[in-house]
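Convert by adding 10 to the 1-based position in the sequence shown; the result is the number in our numbering. Just so it is clear, CB atoms sit at the ideal spot from N, CA and C, and this is done for glycine as well. One structure below.
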Amino acid sequence: MVNMKALITAPQNTAVVADIPVPVPGPREIRVKVHSVALNPVDALYVAYPLDKPGRVVGSDFAGTVDRAGEEVTRWRIGDRVAGFVQGASSGNWRPGAFAQFAILEGDLAIKVPSRVSFEEAATLPLCSLTAAQALFIRLEINSPFPSPFRFDPPKLDTPAILVYSGATSVGLFAISLAKLLHTPAGHPYRIFATVSPRNREKLLDLGVEAAYDYYSSTWPEDLRRASGGISYAIDCISEDESTARISQAFVDGGGKIAVLRQSAWDKQCVREDVLPLYGAVWSGLGHEVFYNTLSIDDVLPASPSWRQFTIAFYHFLSTGAAADASKFPIPANPVRLMPGGLASIVSDGFALLGSGKVRDRQFTSQGVMMNPISAEKLVYNIDD
Numbered sequence: 011m012v013n014m015k016a017l018i019t020a021p022q023n024t025a026v027v028a029d030i031p032v033p034v035p036g037p038r039e040i041r042v043k044v045h046s047v048a049l050n051p052v053d054a055l056y057v058a059y060p061l062d063k064p065g066r067v068v069g070s071d072f073a074g075t076v077d078r079a080g081e082e083v084t085r086w087r088i089g090d091r092v093a094g095f096v097q098g099a100s101s102g103n104w105r106p107g108a109f110a111q112f113a114i115l116e117g118d119l120a121i122k123v124p125s126r127v128s129f130e131e132a133a134t135l136p137l138c139s140l141t142a143a144q145a146l147f148i149r150l151e152i153n154s155p156f157p158s159p160f161r162f163d164p165p166k167l168d169t170p171a172i173l174v175y176s177g178a179t180s181v182g183l184f185a186i187s188l189a190k191l192l193h194t195p196a197g198h199p200y201r202i203f204a205t206v207s208p209r210n211r212e213k214l215l216d217l218g219v220e221a222a223y224d225y226y227s228s229t230w231p232e233d234l235r236r237a238s239g240g241i242s243y244a245i246d247c248i249s250e251d252e253s254t255a256r257i258s259q260a261f262v263d264g265g266g267k268i269a270v271l272r273q274s275a276w277d278k279q280c281v282r283e284d285v286l287p288l289y290g291a292v293w294s295g296l297g298h299e300v301f302y303n304t305l306s307i308d309d310v311l312p313a314s315p316s317w318r319q320f321t322i323a324f325y326h327f328l329s330t331g332a333a334a335d336a337s338k339f340p341i342p343a344n345p346v347r348l349m350p351g352g353l354a355s356i357v358s359d360g361f362a363l364l365g366s367g368k369v370r371d372r373q374f375t376s377q378g379v380m381m382n383p384i385s386a387e388k389l390v391y392n393i394d395d
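What follows is the structure, encoded as structure tokens:
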């Protein structure tokens, strides 16, 4: 039996590099020789708070080349450059993980990597760009700029305003780029606003937001409401403590919806009564039943065929490339911080930077530039470094 190196969960709530069998793809799956992986907070969270016994492969986002295809796969050939995301140890029931020399992916959930996009850049897209797309084009009920199984009524305002709270996060950057593609039936662009730390304000203005507010300011909700006339939609990319409540104060009269990315870390008591926070898990886009905690039936996320079809449609949109240049994605990848050390350094360095709790509680050490706080960038590792 041929083995590979993989990062797997281990006793005492950590993960270690180990030799495990190379996986074999099923009839509708492809096996990918992984080149690059991108880190997400959820990867670190479920190592610190495991949902299953040790031995699960960790990790979600990856990019590499097709190494083997199941007999029912017709789209992909050996050597094709692809990216995708899997659930790994973030589920109480078995799911493939990404942080390994080889990963298994369902063939219709793979993204074609355009010729001028590096593996490192491609690895930043699958999970967070889909999270942003689900927030905008499912939960907030905005019609997508690509064919989708979800269709909604047009917006009530001629020039609706969207807030991306914490716009320099991975999800925030993708949300801004996707929102820039939107137009009303009358042809008017959506107005895009954001909150951000002062050091990243110019970056968001360059991406096309109309105004970017310092989320540390006590007056930003009032300032935003005055400038926009009131927002109609919002994505809370932090969803912690008072963030959702403060966002709700910036809505138009009559309220609206906020897409929140965490289920219970935000204060529900002070949210405006006419504003509805809506939680959704990106894993629904994989189309499988998920157990977050196998001890409670209430923690089962049912399979969603419609959300899976949305993933297929969105990934086809990404795979087709930009309208003006098919050698690039239609939205930019996250800026990459390429971390040294490969698999062996993910826990000691990458997870240390991400932490396993709230964003505001992250702790940092002075161990050189690679251990500086994360800001408007994605941590990426090359597997065989």
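- Residues S101, W293 and L311 of the same chain have their beta carbon placed closer than 6 Å to that of V300, with the five preceding and five following residues left out of the count.
- Checking the DSSP bridge columns, you'll see E116 partnered with E39.
- Relative to the Cα of T169, the nearest Cα in the group G177, G74, A73 and G197 belongs to G197.
- When Cβ pairs closer than 8 Å are counted between the two stretches, the region 49 to 64 is seen not to touch the region 111 to 121, the count staying below three.
- Nearest to A171 by C-alpha distance, out of F261, D216 and I88, is F261.
- When V42, K267 and L296 are compared, the shortest CA-CA separation from M14 is found for V42.
- Straight across, the Cα-Cα distance linking R236 with I186 is about 21 Å.
- If only uninterrupted beta strand (DSSP E) runs of at least 3 residues are considered, those enclosed by the region 65 to 122 are 71 to 79, 91 to 95 and 112 to 116.
- With a 10 Å radius around the Cβ and a threshold of 16 neighbouring Cβ atoms, A313 comes out exposed.
- Within the region 241 to 326, the beta strand (DSSP E) runs of at least 3 residues that lie entirely inside it are, in chain order, 243 to 246, 266 to 270 and 285 to 289.
- With respect to D71, A25 sits apart: the two C-beta atoms are not nearer than 8 Å.
- Inclusion of L173 and F203 in the CB contact set at 8 Å is warranted, their separation being smaller than that value.
- Take A269, set aside five residues on each side of it, and the residues of its chain with a beta-carbon closer than 6 Å to its own are A145, R149, L150, I245 and L288, in chain order.
- Minimum Cα-Cα distance from Y325 among the listed residues L119, A386 and V285 corresponds to L119.
- Take F327, set aside five residues on each side of it, and the residues of its chain with a beta-carbon closer than 7 Å to its own are F156 and P340, in chain order.
- Listed in chain order, the non-local C-beta contacts of D284 below 7 Å within the same chain comprise G264 and G265, local neighbours out to five positions each way being set aside.
- In the DSSP annotation of this structure, I30 is not part of any alpha helix (DSSP H); the continuous beta strand (DSSP E) holding it starts and ends at T24 to P31.
- Between A343 and A178, the C-beta gap is not smaller than 8 Å, which leaves the two residues out of contact.
- Residue pairing by DSSP leaves Y225 without any beta bridge partner.
- For L215, the enclosing alpha helix (DSSP H) starts and ends at R211 to L217.
- In this structure, the beta-carbon distance from R105 to V96 falls below 8 Å.
- Shown here, L353 sits in a helix according to DSSP, grouped into three states.
- The straight-line gap separating the alpha-carbon atoms of P350 and D395 is approximately 7 Å.
- The C-alpha of H193 lies about 21 Å from the C-alpha of Y175.
- Under the 10 Å beta carbon count, G89 is surrounded by fewer than 16 other beta carbons and is classified as exposed.
- Partner residues in the beta bridge of I172, as assigned by DSSP, are I202 and Y243.
- Sorting V127, L191 and P124 by C-alpha distance to the C-alpha of N153 places L191 at the top.
- Taking a 10 Å sphere around the C-beta of R201, we find 16 or more other C-beta atoms and assign the residue as buried.
- Here S139 carries a helix assignment [DSSP, helix/strand/coil].
- The beta carbon of G352 sits closer than 8 Å to the beta carbons of Y391, N392, I393, D394 and D395 from its chain, once the five residues preceding and following it are set aside; these are given in chain order.
- Our two residues, D216 and D29, have alpha carbons roughly 45 Å apart in a direct line.
- According to the DSSP assignment, Y56 belongs to the alpha helix (DSSP H) that extends over P51 to A58.
- As summarised for the region 144 to 170, there are no continuous beta strand (DSSP E) elements at least 3 residues long confined to that stretch.
- Bounds of the alpha helix (DSSP H) holding I186 are S180 to A189.
- Judged by their CB atoms, V44 and A354 are not nearer to each other than the 8 Å cut-off.
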